[in-house]
Structure formats: C-alpha cells, structure tokens
Amino acid sequence: MDANHSPNLGIAAIALHQPSWELENDWFGPSMPRKFAHHTGIEARGISLDDELTMGLHAVRQLQRDTGCNLADCRGIAFVSPSFIPPSVVRRHLAPAQAARERPGRAARQLVRELGLRQCRSIGLNWFCCGFTRAFSVINSRWAPRLALGVDEFLLVVVASRISRITDYSCLQTAGLFGDMASATLLAPLASRRHPVHFEIVHADAERQPTERPAFDFHLRHQVACPDPGGGLMHDSQRLVYALDGMAIADIAPRAMSAATGQALAEAGLCGADVDFVVPHQAGTGIVRFTGMQLEGYGVHGELINGLTRRTGNVSACSIPHALKESWSRLKGLIACPTAAVGSPGRPEVLRGCILLRATGAHQRQAVAAA
3 MDANHSPNLG
13 IAAIALHQPS
23 WELENDWFGP
33 SMPRKFAHHT
43 GIEARGISLD
53 DELTMGLHAV
63 RQLQRDTGCN
73 LADCRGIAFV
83 SPSFIPPSVV
93 RRHLAPAQAA
103 RERPGRAARQ
113 LVRELGLRQC
123 RSIGLNWFCC
133 GFTRAFSVIN
143 SRWAPRLALG
153 VDEFLLVVVA
163 SRISRITDYS
173 CLQTAGLFGD
183 MASATLLAPL
193 ASRRHPVHFE
203 IVHADAERQP
213 TERPAFDFHL
223 RHQVACPDPG
233 GGLMHDSQRL
243 VYALDGMAIA
253 DIAPRAMSAA
263 TGQALAEAGL
273 CGADVDFVVP
283 HQAGTGIVRF
293 TGMQLEGYGV
303 HGELINGLTR
313 RTGNVSACSI
323 PHALKESWSR
333 LKGLIACPTA
343 AVGSPGRPEV
353 LRGCILLRAT
363 GAHQRQAVAA
373 A
C-alpha cells in the first residue's frame, strides 16, 4: 500500500475564522503598484488582532457550532502556523522568552489544553504555504496506521496564519500579498455516521526540493510603517519581517505545484485525465493561471479553481481549506490540491506537495439534495 495513502480517512467538515478587520488596497496609496490587483486579484486582506493560538481556538469553536462535534471524540490535533518564526531566525534575532512563543509544538499542546482535551495527541508544524499538505501527509503516514480510530472518533487539522505580524508594509513587492485566517478541518473514518466524509483522502505528500538560489529570508527592520485598526498609520520601532524574491517565486511556484500533482498522481496509480477539479494554493490569480498551464503538460485538464484571493489575500496554509470550503458544493470526482511554498530562510529550496481527494457518495447525495 502507498505509504501516503489512507484507505479509511477523509474530510467531513471545514470551518473558517476570518478577522473582522479588512485592509483595503487604498491604504497603501501610491506605493501600491498599479498592476498589483490585476496580477494577483487581491483587493483587500484580513488582519488579525488575535494571536495564532486564539485564532485556532476561534476556528475550532466555529467547527463545533457548524457540526455539533464532541471534542471528547478527538484523538489528535495537528496545529499548523506559517507565521511562526523559524528556529534558525529565532536563534539570530530573539531573546529566549520570545523564542519560546515561536514553537509550533508548544502552541499545539496549548491548544489541546485550552480545549480541555485528554488522551489527544498533538503535533505543531510550520512548512509555510505547504503546512496544510504537510499535516495531511504526517497524519496519513504516521497517525492513521497506528490510531485505529473508532467510527465516532476524529482528528483535527487546525491552521492559524497571521503573516501580518511579520510583514514589512514598506516593501512594495510583498506588503499587500498576505492575509490572516484560521481554519479547522475535521478528518473522520469513512465509516463514520456521526461525521459523514465528503472527500476521501487518496494521497497526501509534501517534500523539499532544491532551487538555484534562495528566495526567502528574514530581516530586522527599524521604524516600520504599519496599519492601525482605525485605518491610519503607526510605526513599529523594531520588527522582524520576511523578505521574498517575488519574481523567483512567481517562476518557481507554478512548476512546483504542477510537478507535485504529477508525482502524486503517479504514486497513486492515476493519470492526469482522472482529475476532475484542481484546487491549488491560492497564491494569486496569476500564479494559479500559470499553474493550470503547466498542469496541461501532465495531461491534467480538470476545472481549475481560481480567484479566491480578492477579499482575503494569500492566506498561506489556510489557502486549501479556504478554497475547498468556498467550492464545496461544486466539487466532484477526483480533486487535486497542489501547494508550493518557500523553503527554510536563506536556503535554495522550495517546498511542494499535493493532496488528492475523491468525492464520496455522501457528498454527491448532498450536492444533489442542495440543487
């Protein structure tokens, strides 16, 4: 059996938490490139005043309201946050007390405690925009084979992305790209009646690949201009911010996502013609469009989901759950969800991955009933 294939697990529900504060492109004024919205499709982005742990809690509580799930049945939580600062950067720039707050594993354990859970395993991950995919890969290869979930039991993948806290708002190339969001995805056995599975996990994997040069790093900036909740301007005296080579990412990401899709299909014994929908990481409309063109070289001609960044921005590791939630009733057949991300700061690498999902009979019946 494929080590990345889980024969009895799938997505039963997804809940989203979106910040109430939306920062419009107008805030940037003349510093916003004129073609930014045209190339990315982004007109506004959410900014969270809550930290990542609180955002994750909001998403789980929303999932409880949506599904009525009993958290006592939760056997494991994978907590993903692409806005946590990587250890190599922490060691260079942060004091020990600050460094402790940047550990995803610590946040995962805190989330479990805040939810009052016992007998619940946890793991914390970053993996930037590939974090959701990486969490699925870990669950499939390490957790699912060992846990033997009961029919009423489930796992959660909780993502909290707060890139706003590490954004350099004076950088013309990257300041408007990312938005904040949190999501909670419930994974249940295919046999579950309490939580009917809508999308069976066929395959999930994420890996590192070398590139010609680094395209990502962190820098310490002083007197950084930032938005305030009233729509005005304030300044951080000191802020640790990320830096992206946007042109390099625009070139690398479509090829990485298409290659990850081709590899996933091959490892699952499928071909491009089997794909009915492609739900890629919503990095921006241009990158998604170019990804679709690259996918044609792998024989993938399924319907491409694009254009979901208009009021959210690139929500990083929340992108796939957000896109699945927004497209939920439309999806059918085999669905490919490729992702690409920057690698470790200062290293010449890219992260890439793909989740393959198959709509279940329960999902098809719900879609027919809704129509």
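Basically the working numbering = 1-based index in the sequence shown + 2.
For glycine and all other residues, C-beta sits at the position ideal for the given N, C-alpha and C.
Bear in mind that the values here come from a model prediction, so they are computed numbers and not experimental data.
DSSP lists no bridge partner for glutamine 265. Within the same chain, and ignoring the five residues on either side of arginine 291 in sequence, the residues whose Cβ sits closer than 7 Å to its Cβ are Asn308. Valine 280 is bridged by DSSP to Leu306 and Ala338. In this chain, the alpha helix (DSSP H) harbouring valine 91 covers 89-95. Counting only runs of at least 4 residues, the segment 49-83 fully encloses the following alpha helix (DSSP H) elements, listed from N- to C-terminal order: 54-69.
Nearest neighbour of leucine 353 by Cα position, chosen from Leu18, Arg136, Val226 and Cys173, turns out to be Arg136.
Counting C-beta pairs with one atom in each stretch, the segment 46-60 and the segment 302-320 have three or more that are closer than 8 Å, which means they touch.
Unbroken beta strand (DSSP E) stretches of 3 residues or longer found wholly inside the segment 199-263: 201-212, 218-229 and 235-246, given in chain order.
The three-state secondary structure of valine 317, taken from DSSP, is coil. One thing to note: threonine 169 has its Cβ within 8 Å of the Cβ of alanine 177. Look at glycine 301 here: in three-state DSSP terms it is coil, with no helix or strand label. Sequence-distant Cβ neighbours of proline 106 in its own chain, meaning closer than 7 Å and more than five residues away, are Phe81, Ser83, Phe86, Gly126, Leu127 and Asn128. Assigned with DSSP and collapsed to three states, arginine 111 falls in helix. With a contact defined as Cβ atoms closer than 8 Å, leucine 113 and leucine 59 qualify at about 7 Å. With contacts defined by Cβ atoms closer than 8 Å, histidine 205 and leucine 333 do not form a contacting pair. In the DSSP assignment, glycine 12 forms a beta bridge with Ala190 and Glu202. Each residue's CA atom was taken as its position, placing histidine 283 and cysteine 131 some 8 Å apart.
Of all C-beta pairs linking the segment 237-249 to the segment 219-229, three or more are shorter than 8 Å, placing the two stretches in contact. Alanine 15 has its alpha-carbon roughly 35 Å from the corresponding atom of serine 90. Under the rule that a run must span 3 or more residues, the beta strand (DSSP E) segments found entirely inside the segment 126-190 read 156-163. In the DSSP assignment, arginine 367 falls within the unbroken alpha helix (DSSP H) covering 363-372. Taking C-alpha positions only, arginine 196 is separated from glycine 12 by approximately 13 Å. For arginine 241, the CB contacts under 6 Å within the same chain, skipping 5 residues up- and downstream, are Arg223 and Val226 in chain order.
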